[in-house]
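Before any comments, here is the structure.
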Amino acid sequence: MDFTLSDVQELTRTMVREFAERELAPIAAEIDQNHRFPIETLPKLAENNLFGIPFPEEWGGAGLDYVSYAIAIEEISRVCATTSIIVETHTSLALEAIFNYGSDEQKRDYVADLASGRKLASFALTEPMAGTDAAMQESTAILKDGEYILNGSKVFITDGNYSDVFVVFAKTNPDPALGTRGISAFIVEAGLPGFTAGEGERKMGLRAANTSTLMFSDVRLPADALLGKEGEGFKIAMSVLDAGRVGIAAQAVGIAQGALDAAVKYAKERVQFGKPIGNLQAIQWMLADMSTDLEAARLLTYKAAHLQDLGKRFSVEAAHAKLFAGQMASRVAGMAIQIHGGNGFTESYPVERAYRDAKITEIYEGTNEVQRMVISRALLR
Ligand code: CAA
5 MDFTLSDVQE LTRTMVREFA ERELAPIAAE IDQNHRFPIE TLPKLAENNL
55 FGIPFPEEWG GAGLDYVSYA IAIEEISRVC ATTSIIVETH TSLALEAIFN
105 YGSDEQKRDY VADLASGRKL ASFALTEPMA GTDAAMQEST AILKDGEYIL
155 NGSKVFITDG NYSDVFVVFA KTNPDPALGT RGISAFIVEA GLPGFTAGEG
205 ERKMGLRAAN TSTLMFSDVR LPADALLGKE GEGFKIAMSV LDAGRVGIAA
255 QAVGIAQGAL DAAVKYAKER VQFGKPIGNL QAIQWMLADM STDLEAARLL
305 TYKAAHLQDL GKRFSVEAAH AKLFAGQMAS RVAGMAIQIH GGNGFTESYP
355 VERAYRDAKI TEIYEGTNEV QRMVISRALL R
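Written out as structure tokens, the structure reads:
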């Protein structure tokens, strides 16, 4: 594996960093403090081709590789993790599912609009009783007279109040003997009769991101809303989540980089005992440990993204990357607060937001424990 980045990958970092500093940094603290969804950012993300980074240009994407995509998520997250989750769930989960499993017609109908950012998409798997145990789907989509009738509810759906298109999982055959093979995936458009979204959750971190409940009451879906084959839904969800986990690892790396950058700046400016605290070995060692931890997570993340670029199976590498990077981000953000002392505990410095935002990277798109299940099952198989 080549450990140097290509010119295109370096350029992606430069361009996305400039975009994030220019467009996201000025509002990142305000939208977080007000729990305000940054609706005005969506057209800017679209103009900068950030909604379909790893998809071909002929489909409206930027035509870049998955390592470049990871770098872009990292750079957005370094400044505003709320914005990165909007891009990440749209790209790595919803668009990835439609691009990889959609029929030619479905791809024609949705991919260009989504990859170009004209429309926003969500991924709707989680239910009140199907969180970590994603197979316990209670939503049903029963075929009747040529239509699927969708009933049930979803929780914690990113962008649920703002998306135009949803990839929704439901049981097409509730026979318990079928297990995960009774689950199918569907493309569901917002605004269909019987489809409603609840209010956004108030959260500890990613406070400006929209996370809502979806309700389906006798929603009539045309037969061609089925994504992939009947019974293939669980595999679609799992394979797409492999991609998503690399995206969340990149998000964790970006959050940690933002926290480390803030800690370095503070260590140079803050004077105690007559000199900047960066002159103290206690602070120097913390910074060195943070940087080492971060670099290890970044390499695991790029390795998983690189395998994705090669078209190889990367489930275990995605789990390694997400497990390590999520925990690393929590550790690094915690140390960044420690370096800031009391100031770090206030909203006047960005590290308290990084600390709150980091936690969810250990939870969503599969908890740390799920990543350990994926890794240990592969070891013991
Ligand atoms: N790719 C393709 N197929 C896969 C796969 C993968 N990565 N992982 C599993 N499968 C297949 C298996 O091969 C198996 O197929 P067969 O029936 O043909 O043998 C089938 O799927 C069932 O697999 P398991 O037996 O491993 O399933 P399980 O019920 O034991 O579940 C689990 C395993 C890993 C715990 C899984 O339920 C899981 O990943 N849970 C976490 C769910 C999750 O990540 N949710 C995130 C929600 S989305 C979100 O957070 C988005 C957001 O808004 C931020």
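Here the sequence shown is numbered in my numbering, starting from 5 and rising by one per residue. We put the beta carbon where it would ideally sit given N, CA and C, even for glycine.
The continuous beta strand (DSSP E) containing E193 extends over residues I187 to E193.
In the DSSP annotation of this structure, K326 is not part of any beta strand (DSSP E); the continuous alpha helix (DSSP H) holding it starts and ends at S319 to H344. Relative to S143, the option among P197, V71 and N177 whose CA is nearest is N177.
Setting aside the 5 residues that flank it on each side, V159 is surrounded in the same chain by T130, E131, P132 and T217, each with a C-beta closer than 7 Å to its C-beta; the list follows chain order.
With distances taken between CA atoms, A241 lies nearest to F170 out of L291, F170, I80 and V71.
Residue nearest to E203 within the set H39, V374, R381 and Q375 is H39 (criterion: CA-CA distance).
Note that the C-beta distance between Y152 and F190 is below 8 Å.
Residue side-chain check: I161 places its Cβ nearer than 7 Å to a non-hydrogen atom of the ligand CAA. If you draw a 10 Å sphere on the C-beta of G278, you find fewer than 16 other C-beta atoms in it, and that means exposed. With contacts defined by Cβ atoms closer than 8 Å, E92 and I77 form a contacting pair. The beta carbon of A24 sits closer than 6 Å to those of E79, I80 and V83, all from its chain and outside the five residues before and after it, given in chain order. Excluding the 5 residues flanking it on each side, V374 has same chain C-beta neighbours closer than 7 Å at T136, in chain order. Residue nearest to V115 within the set N214, A174, F55 and P280 is F55 (criterion: CA-CA distance). Annotation: S319 to V275 spans about 47 Å, alpha carbon to alpha carbon. Taking the CA atoms as reference points, D228 sits about 49 Å from D265.
Rounded to the nearest angstrom, the gap between the Cα atoms of S120 and L49 is 9 Å. In its chain, beyond the 5 residues on either side, V244, A247 and G248 have a beta carbon closer than 8 Å to the beta carbon of E100. At a Cβ-Cβ threshold of 8 Å, L97 and L154 do not count as neighbours. For the pair A323 and V257, the CB atoms are not nearer than the 8 Å cut-off.
Taking 7 Å as the cut-off, one finds no heavy atom of the ligand CAA near enough to the beta carbon of E100. K158 is bridged by DSSP to L218.
Looking at the backbone, the Cα of A66 and that of P58 are separated by about 6 Å. Q276 is bridged by DSSP to K279. In the three-state DSSP reduction, T8 falls in the coil class, being neither helix nor strand. With a cut-off of 7 Å, the C-beta of D179 is classified as distant from the ligand CAA, since no heavy atom of the ligand falls inside that distance. The three-state secondary structure of S126, taken from DSSP, is strand.
Look at R185: its beta carbon is less than 7 Å from one of the heavy atoms in the ligand CAA.
Within its own chain, the residues whose Cβ lies closer than 7 Å to the Cβ of Y270, once the five positions on either side in sequence are excluded, are I343 and H344, listed in chain order. Here the alpha carbons of D168 and V192 stand approximately 9 Å from one another. In this structure, F238 lies near I187, with their beta-carbon atoms less than 8 Å apart.
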